[in-house]
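Asker:
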Amino acid sequence: DAGVTQSPTHLIKTRGQQVTLRCSPKSGHDTVSWYQQALGQGPQFIFQYYEEEERQRGNFPDRFSGHQFPNYSSELNVNALLLGDSALYLCASSLGGDSYEQYFGPGTRLTVT
Amino acid sequence: AQKVTQAQTEISVVEKEDVTLDCVYETRDTTYYLFWYKQPPSGELVFLIRRNSFDEQNEISGRYSWNFQKSTSSFNFTITASQVVDSAVYFCALRSLSGGSYIPTFGRGTSLIVHP
Numbered sequence: 006d007a008g009v010t011q012s013p014t015h016l017i018k019t020r021g022q023q024v025t026l027r028c029s030p031k032s033g034h035d036t037v038s039w040y041q042q043a044l045g046q047g048p049q050f051i052f053q054y055y056e057e058e059e060r061q062r063g064n065f066p067d068r069f070s071g072h073q074f075p076n077y078s079s080e081l082n083v084n085a086l087l088l089g090d091s092a093l094y095l096c097a098s099s100l101g102g103d104s105y106e107q108y109f110g111p112g113t114r115l116t117v118t
Numbered sequence: 063a064q065k066v067t068q069a070q071t072e073i074s075v076v077e078k079e080d081v082t083l084d085c086v087y088e089t090r091d092t093t094y095y096l097f098w099y100k101q102p103p104s105g106e107l108v109f110l111i112r113r114n115s116f117d118e119q120n121e122i123s124g125r126y127s128w129n130f131q132k133s134t135s136s137f138n139f140t141i142t143a144s145q146v147v148d149s150a151v152y153f154c155a156l157r158s159l160s161g162g163s164y165i166p167t168f169g170r171g172t173s174l175i176v177h178p
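Line by line, the protein sequences give chains A and B.
The numbering of the first sequence is my numbering, which starts it at 6 and goes up by one.
The numbering of the second sequence is my numbering, which starts it at 63 and goes up by one.
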């Protein structure tokens, strides 16, 4: 049973660039949530996708956008990167548009220079 | 507004010691879930336990136990006879069940270091 997978593992970008992170949910899951975890902090909720729509959104600017595909996989896009966007980006999958029981992926470490 | 406070930034113990990780939360909601997650160096958050606000029974799972007290808004986590493999960052999280918002709030985490 495949768990949550994320790609790439690590990424280095320059300030002002754009980045796309990818997530495949656990088999059978239809909901994907994205979190940003800065160094030494807890994860912060970015948004959640269910039925290919953004259902919930945390306190993040519009530079953060996403997409969910018919196979439930998801992408997180960040435009106009800032140094402060450097963080571990975690993807979590669950069922039915809820976060009652989430399974997390290993994350993508983004460094903005 | 929701808030989760994990006042202990880092705890260092020697193997076989018992250790308690504190979690204090704030919410105006009467129905909510509380969670504990473990984050090993690999980065992946591992779910440990979920407790709803109506269930104040303490729970034990092997060497792990949890003490939920609504009167003090605390949900503490104890590891008995700690092992080196318990070394990780542990997060407490809160998720409201009312208002249609399912956005979870995490604490800043407690780094547990277990020395052999």
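All C-beta atoms, glycine included, are put in the ideal place defined by N, C-alpha and C.
1. Chain A partners of Y94 (chain B), CB-CB under 9 Å?
2. When the distance is taken between beta carbons, is L107 (chain B) closer than 8 Å to L95 (chain A)?
3. Assign K132 (chain B) to one of three DSSP states: helix, strand, or coil.
4. Given that I165 (chain B) touches chain A, what residues does it touch there, using C-beta distances under 7 Å?
5. Check the Cβ-Cβ distances between E77 (chain B) and every residue of chain A, and say whether any is below 8 Å.
6. Less than 8 Å between CB atoms is the rule here; does S104 (chain B) satisfy it with respect to chain A?
7. Can you pull the chain A residues whose beta carbon is under 9 Å from the beta carbon of R170 (chain B), in chain order?
8. Determine the burial state of A43 (chain A): buried for a count of at least 16 other Cβ atoms within 10 Å of its Cβ, exposed for fewer.
9. Output the distance between the C-alpha atoms of R27 (chain A) and L96 (chain B), rounded to the nearest integer angstrom.
10. Should G21 (chain A) be flagged as near chain B, meaning a C-beta pair shorter than 8 Å?
11. Should P13 (chain A) go down as buried or exposed, given a rule of 16 or more other Cβ atoms within 10 Å for buried?
12. Compare the beta carbon distance of C154 (chain B) and Q64 (chain B) with 8 Å and say whether it is the shorter of the two.
13. Could you give the distance in angstroms between the alpha-carbon of T92 (chain B) and the alpha-carbon of S115 (chain B)?
14. For E118 (chain B), I'd like the list of residues in its chain whose CB is within less than 8 Å of its CB, leaving aside the five on either flank, ordered along the chain.
15. State buried or exposed for K78 (chain B), treating a residue as buried only when at least 16 other CB atoms are found within 10 Å of its CB.
16. Where DSSP assigns a beta bridge to H34 (chain A), which residues make up the other side?
17. Which residues in the same chain as Q22 (chain A) place their Cβ atom closer than 6 Å to its Cβ, once the five residues preceding and following it in sequence are excluded?
Answerer: Walking through what the data contain:
1. Neighbours of Y94 (chain B) on chain A: none; closest Cβ ~12 Å, over 9 Å.
2. yes
3. helix
4. F50, Q61, G63
5. no
6. yes
7. G45, Q46, G47
8. exposed
9. 28 Å
10. no
11. exposed
12. no
13. 7 Å
14. F130, Q131, K132
15. exposed
16. In the DSSP output, where bridge partners are listed per residue, H34 (chain A) has none listed.
17. L86
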